[in-house]
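Down below is the structure, laid out as structure tokens.
In full-length UniProt numbering, the protein residues as written are 1 to 531.
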């Protein structure tokens, strides 16, 4: 197994515990680097004035792309700046890409890095924990089986915030005992956000065509935003969660992370679909489509967008970037409607109760169902394992959330909390705002550590209840698209829609992407420097 930098990469001091309502309710929550490829010139077939590569050329290009990406990982993840975004790679990915490109699947040999809480048959699935270092199940999660059928190639596994950032209120986003501390390619001493930190950093660094992350609340959209890429949290139930290390069956979902909206849409089309083992996906096949259809021609002309200005925060620079995005949207024909949203404080506290209860229930079920030889079969076992291996697992922060989850057993209280949080986020949140203001989507800056720019490596990110949490708790689609930078640190623009409106949300994001007037920052692979 390829190991990333050790935990010693963390700063000596971690931030003090934050208030529970802020620090734990949202836990788990750039364009591709231009590296010239010396591709060989090959014969092409000309059809209808379009130059279509032959299958031989396509196969050679797929193999070359994969081999080049492996070289980048060796140069910038294993050595050099040591981003620690990737835990393990498939050294034969080039030949796998060549073979996959010969089929008629959507992806035709494109490479994908997979967050290491999603099972793939060739690698252990660790969730970043030493307790799962030998979790070799030999099986593909259904979403990975879908990926392979579509011609996608698993390039390797990405680092993550250990246990998807639900172990401690003072955790370090992007750190795991297995993979070390992930670094942001735009500023190697800055936060990558959690918990799909490795997936976000890897795509930004050009380590793969795309990546798969998972989100409970903010763990796709935040790392996508701060790493300057596109991230899409689909409707919960669009993508199977079977054989994915869980936090919450109410909120968990996997989703694509890519360098542009089209690639994210293509990857979503490949992995989405119903799974008889995941009841939440029973209606997915009714909504799965070629999500790339209509992206090139999608228009914002006359589209009413609900602008959540009170989600900007107190950073004037973020506000300026957002205002430029609004001007670009207006220039593209969008009708901007101010939407006043003040979150009900009880929503976050009730969400926290839901996550505490479901973590114990869902994680116990996953661990008991793993066919691998692992030393833990319950959350209680994991707590004991961490205590026994405190020098490695608890060196930087504790496991207070785990301990609280183990004590959270009141089912009636849990059911009441889920009903309350869902109602406030969905029917009385997104649904009400869309209907009341007659808007198609809600937009806001994507929460992220650029909000103050001094969030450094090792800091925990806890922004409070915002627009992204509405989508996470309700299970509705949420897309983030790069809209600029603050002090050269990327900031994303969020598009949020109603349940199963995934295709429409992607089309709105693609239309903005074409209308965007700013120049996006490129990764520097250097420590942050002020303007």
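Built from N, CA and C at the ideal position, the CB exists for glycine as well. Bear in mind the structure is a predicted one, so any value in this text is a computation, not a measurement.
Item to check | residue 443, DSSP secondary structure in three states | outcome: Residue mapping note: residue 443 aligns to position 443 of the chain shown, counting from 1. Note: residue 443 maps to strand in three-state DSSP.
Checklist entry - Unbroken beta strand (DSSP E) runs of length 3 or more, entirely within the region 127-194: which are they? => result 153-158
Checklist entry - Where does residue 451 sit, in a helix, a strand or coil, going by DSSP? => result Translated into positions along the chain shown, residue 451 becomes position 451. Because residue 451 sits at a pLDDT of 48, beneath the cut-off of 50, its placement in the model cannot be relied upon, and the following sentence gives the value as read from the coordinates. DSSP places residue 451 in coil when its eight states are reduced to three.
Next on the checklist: Give the list of continuous beta strand (DSSP E) stretches no shorter than 3 residues that lie fully inside the region 461-521.
Outcome noted: 478-486, 489-496
Item to check | residue 108 classed as buried or exposed, judged by whether at least 16 other C-beta atoms fall within 10 angstroms | outcome: Here residue 108 refers to the residue found at position 108 when the chain shown is read from its first residue. It is buried - the Cβ of residue 108 has at least 16 other Cβ atoms within 10 Å.
Checklist entry - If you draw a straight line from the alpha carbon of residue 307 to that of residue 493, how long is it in whole angstroms? => result On the chain shown, residue 307 is found 307 positions in, with the first residue counted as 1. On the chain shown, residue 493 is found 493 positions in, with the first residue counted as 1. Cα-Cα distance, rounded: 11 Å.
Item to check | DSSP-derived helix/strand/coil call for residue 308 | outcome: If you number the chain shown from 1, residue 308 lands on position 308. Reduced to three states, the DSSP call for residue 308 is coil.
Item to check | Distance between residue 374 and residue 131 (C-alpha atoms, nearest Å) | outcome: As a first step, residue 131 is located in the chain shown; it is residue number 131 there, counting from the start. As a first step, residue 374 is located in the chain shown; it is residue number 374 there, counting from the start. Rounded to the nearest angstrom, the two C-alpha atoms are 7 Å apart.
Checklist entry - So what does DSSP say about residue 343, is it helix, strand or coil? => result Counting from 1 along the chain shown, the entry for residue 343 is found at position 343. Residue state, collapsed to three classes: coil.
Checklist entry - Taking all protein chains shown into account, do 16 or more other C-beta atoms lie within 10 angstroms of the C-beta of residue 531, making it buried, or fewer, making it exposed? => result By one-based count along the chain shown, residue 531 stands at place 531. By the neighbour-count rule (16 or more Cβ atoms within 10 Å), residue 531 is not buried but exposed.
Item to check | residue 220 and residue 258 closer than 8 Å at C-beta | outcome: The residue labelled residue 220 in the question sits at position 220 within the chain shown. The residue labelled residue 258 in the question sits at position 258 within the chain shown. For residue 220 and residue 258, no; Cβs fall outside 8 Å.
Next on the checklist: Nearest by alpha-carbon distance to residue 472: which of 60, 170, 342, 498 is it?
Outcome noted: Looking up residue 472 in the chain shown gives position 472. Ranking the options by Cα distance to residue 472, first place goes to 498.
Next on the checklist: Measuring straight from C-alpha to C-alpha, what distance separates residue 409 and residue 419?
Outcome noted: Your numbering for residue 409 matches position 409 in the chain shown. Your numbering for residue 419 matches position 419 in the chain shown. Straight-line Cα distance between these residues: approximately 17 Å.
Checklist entry - Between the beta-carbon of residue 159 and the beta-carbon of residue 200, is there less than 8 Å? => result By one-based count along the chain shown, residue 159 stands at place 159. By one-based count along the chain shown, residue 200 stands at place 200. For residue 159 and residue 200, no; Cβs fall outside 8 Å.
Item to check | Cβ neighbours of residue 239 in the same chain (closer than 8 Å, five flanking residues each side left out) | outcome: As a first step, residue 239 must be located in the chain shown, where it is residue number 239. Taken in chain order, the residues that qualify are 143, 253, 254, 255, 268, 271, 272, 273, 281, 284.
Checklist entry - Among 516, 365, 509, 303, which residue has its Cα nearest to the Cα of residue 437? => result The residue you call residue 437 lines up with position 437 of the chain shown. The shortest C-alpha separation from residue 437 is found at 303.
Checklist entry - Taking Cβ to Cβ, would you say residue 223 is nearer than 8 Å to residue 193? => result Position 223 of the chain shown, counted from the first residue, corresponds to residue 223. Position 193 of the chain shown, counted from the first residue, corresponds to residue 193. Yes, the pair counts as a contact, with Cβ atoms nearer than the cut-off.
Item to check | Coarse secondary structure for residue 214, derived from DSSP in three states | outcome: Within the chain shown, numbered from 1, the residue matching residue 214 stands at position 214. Three-state DSSP puts residue 214 in a strand.
Checklist entry - Say the cut is 7 Å; is the CB of residue 410 nearer than that to a heavy atom of the ligand MG? => result What this structure holds is no ligand at all, so the ligand MG is not there to describe.
Next on the checklist: So residue 110 and residue 154 are supposed to be a Cβ contact under 8 Å. How far apart are they, rounded?
Outcome noted: In the chain shown, the residue the question calls residue 110 occupies position 110. In the chain shown, the residue the question calls residue 154 occupies position 154. With a Cβ gap of about 11 Å, residue 110 and residue 154 do not count as contacting.
Checklist entry - Does DSSP put residue 44 in a helix, in a strand, or in coil? => result If you number the chain shown from 1, residue 44 lands on position 44. In this prediction, residue 44 has a pLDDT of 29, which is less than 50 and means its spatial position is unreliable; what the coordinates show is noted afterwards. Here residue 44 sits in strand by DSSP.
Checklist entry - CB-CB under 6 Å to residue 288, same chain, minus the five flanking residues each way: which ones, in chain order? => result Here residue 288 is taken as the residue at index 288 of the chain shown, counted from 1. Excluding residues within five positions, the ones whose Cβ falls inside 6 Å are 272, 273.
Checklist entry - Leaving out the 5 sequence neighbours to the left and right, which residues in its chain are closer than 6 Å to residue 482 when beta-carbon positions are compared? => result Numbered from 1 along the chain shown, position 482 holds the residue referred to as residue 482. 228, 490, 492, 520.
Checklist entry - What does residue 256 pair with, by DSSP beta-bridge criteria? => result Counting from 1 along the chain shown, the entry for residue 256 is found at position 256. Its beta-bridge partners are 212.
Checklist entry - In chain order, what residues of the same chain lie with their CB nearer than 8 Å to the CB of residue 55, ignoring the 5 residues before and after it? => result Position 55 of the chain shown, counted from the start, is the residue given in the question as residue 55. Hits under 8 Å: 101, 102.
Next on the checklist: Applying the 10 Å Cβ sphere with the 16-neighbour rule, what's the burial state of residue 337?
Outcome noted: Against the chain shown, residue 337 aligns to sequence position 337. Exposed, since its Cβ has fewer than 16 Cβ neighbours within 10 Å.
Item to check | With 16 other Cβ atoms within 10 Å as the buried cut-off, status of residue 250 | outcome: Stepping through the chain shown from its first residue, residue 250 is reached at position 250. So residue 250 counts as buried.
Checklist entry - Between the C-alpha atoms of residue 140 and residue 246, what's the straight-line distance to the nearest angstrom? => result Locating residue 140 in the chain shown gives position 140, where the first residue counts as 1. Locating residue 246 in the chain shown gives position 246, where the first residue counts as 1. Rounded to whole angstroms, residue 140 to residue 246 spans 15 Å at the Cα level.
Checklist entry - Mapping DSSP to helix, strand and coil, what is residue 245? => result Position 245 of the chain shown holds residue 245. Three-state DSSP puts residue 245 in coil, outside helix and strand.
Next on the checklist: Using a Cβ-Cβ cutoff of less than 7 Å, which residues in the same chain neighbour residue 511 once the five nearest sequence positions on both sides are dropped?
Outcome noted: The count along the chain shown starts at 1 and reaches residue 511 at position 511. So the qualifying residues of the chain are 298, 299, 300, 332.
Item to check | Sub-8 Å separation of residue 226 and residue 184 beta-carbons | outcome: The residue you call residue 226 lines up with position 226 of the chain shown. The residue you call residue 184 lines up with position 184 of the chain shown. Yes, they are a contact pair.
Checklist entry - Which residue spans inside the region 42-129 form an unbroken beta strand (DSSP E) run of at least 3? => result 44-47, 50-53, 86-89, 111-115
Checklist entry - How would you write the range of the alpha helix (DSSP H) that residue 391 sits in, first residue to last? => result As a position in the chain shown, residue 391 is number 391, starting the count at 1. First-last of the alpha helix (DSSP H) with residue 391: 390-393.
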